[in-house]
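So the structure is just underneath, and the comments pick up after that.
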Amino acid sequence: MLGGSAAALYGYYLASPINLLLVFFQKEQVLVFFDLAVLLKLALAAFTCAYYLRVRFGNGTADGRQNLLMVLLSVCYALSQYAISQSSNIMWLDGLFMLPLMMLGVYRVLNGEPLWKLSLPVALVILFNWYVAGICCLFSVVWFFAEFLLCGICPANGFSETMLRLFSALVRYGFGMLLGVLCSAILFFPVVAAMSSTAKGELDPWMMLVLSFRASLRSVMETSIYGGLCTEKTLSLYCGALPLAGTLRIFTEKQRKKEKIILSSGCCFFC
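Per the numbering used here, the sequence shown starts with residue 19, numbered consecutively.
Set out below in structure tokens:
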């Protein structure tokens, strides 16, 4: 039935390669397989995050302390609020373990490495689950500009040279992303065609201009205890406490002014 409307169901629910492990389980063991699939995807998320941190920040000279921090941060990523809350929707967890590889691909393309290092993870995440892949691709755009600001601007470069580097990097990034989308077209295009006839949800664009907090900032500290729950009225730091502490650590340093400005701008943008 993959030639018909079932292509959309396959692309949304079943395309993850981890689903192939289901052939080793009996029908009455489906729930066991479900737990195993969640475990494998969270473990892959921790692994790819650790790999990203090692390549992006380790520079091949990481000591034992740095390796420990990389492991802890990777576990924080894999056990983040999104990962735990979406464990009931395991098809959305594929984007979780592919996103660090996409971020690494953006970094490599910006540093002149081959385009396939970005195109390959883009193609794979679309093939695994096109829906969450769209979110990952949108995030990669933001990450591209963040990486360029961190690595592409040198005080010795003039404005014209900086703009030239930005244009060149944008072209390489755009071609890398486009190549990844085209490589996934064998599944992505039939899925889009099958879903194009369905009704779409509505979005009020004015709601995007409403800026407000969902809970008080004081509730963040009050619920950051063992067994604390995150609700609509109370927030909990959960595994984000360690990354947040590291982010605040940067702002206590006297140097790294450029990183402080970029990180502050990024925080304001996402808020």
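Here a beta-carbon is modelled for each residue, glycine too, at the ideal position from N, C-alpha and C.
Buried versus exposed, by CB contacts within 10 Å (16 or more), residue i
i, result
"Ala-25", "buried"
"Met-88", "buried"
"Lys-218", "Per-residue confidence for Lys-218 stands at a pLDDT of 46, beneath the threshold of 50, marking its modelled position as unreliable; the derived number appears in the next sentence. Looking at its Cβ environment, which holds fewer than 16 other Cβ atoms inside 10 Å, Lys-218 is exposed."
"Val-160", "exposed"
"Arg-126", "buried"
"Ser-34", "buried"
"Cys-154", "buried"
"Glu-165", "buried"
"Leu-32", "exposed"
"Phe-162", "buried"
"Phe-146", "buried"
"Gly-176", "exposed"
"Gly-82", "exposed"
"Gly-194", "buried"
Enclosing alpha helix (DSSP H) for residue i [first to last residue]
i, result
"Gly-192", "177 to 201"
"Arg-72", "No alpha helix (DSSP H) contains Arg-72, which DSSP labels as neither H nor E."
"Gln-84", "82 to 96"
"Ser-17", "Here the chain has residues from 19 to 289 only, and residue 17 is not among them."
"Ala-101", "99 to 103"
"Phe-115", "112 to 128"
"Gly-29", "It is not in any alpha helix (DSSP H) - Gly-29 carries neither H nor E in the DSSP assignment."
Under 8 Å between C-beta atoms of residue i and residue j
i, j, result
"Val-73", "Met-116", "no"
"Lys-278", "Ile-268", "yes"
"Leu-133", "Leu-197", "yes"
"Phe-43", "Val-50", "yes"
"Ile-36", "Ala-63", "no"
"Leu-136", "Val-150", "no"
"Cys-94", "Leu-260", "yes"
"Pro-118", "Tyr-191", "no"
"Ile-108", "Phe-65", "no"
"Cys-169", "Leu-122", "no"
Contact test: residue i Cβ vs the ligand ADP heavy atom, cutoff 7 Å
i, result
"Phe-51", "Within the structure as shown, the ligand ADP is missing, as the structure has no ligands at all."
When the options are compared against residue i, the one with the closest alpha-carbon
i, options, result
"Ser-158", "Pro-132, Ser-178, Leu-188 and Gly-176", "Leu-188"
"Trp-148", "Cys-169, Leu-111 and Leu-136", "Leu-111"
"Leu-167", "Gln-84, Thr-265 and Thr-180", "Thr-180"
"Ser-98", "Phe-65, Thr-270, Leu-60 and Phe-146", "Leu-60"
"Ser-106", "Glu-131, Leu-57 and Met-120", "Leu-57"
"Met-120", "Val-199, Leu-27 and Leu-182", "Val-199"
For residue j and residue i, believed in contact at Cβ under 8 Å, the rounded distance
i, j, result
"Gly-29", "Leu-138", "That pair is no contact at about 19 Å."
"Leu-71", "Leu-91", "6 Å"
"Val-263", "Cys-201", "In the sequence as displayed, the identity of residue 263 is Ala instead of Val. Ala-263 to Cys-201, Cβ: 39 Å. No contact."
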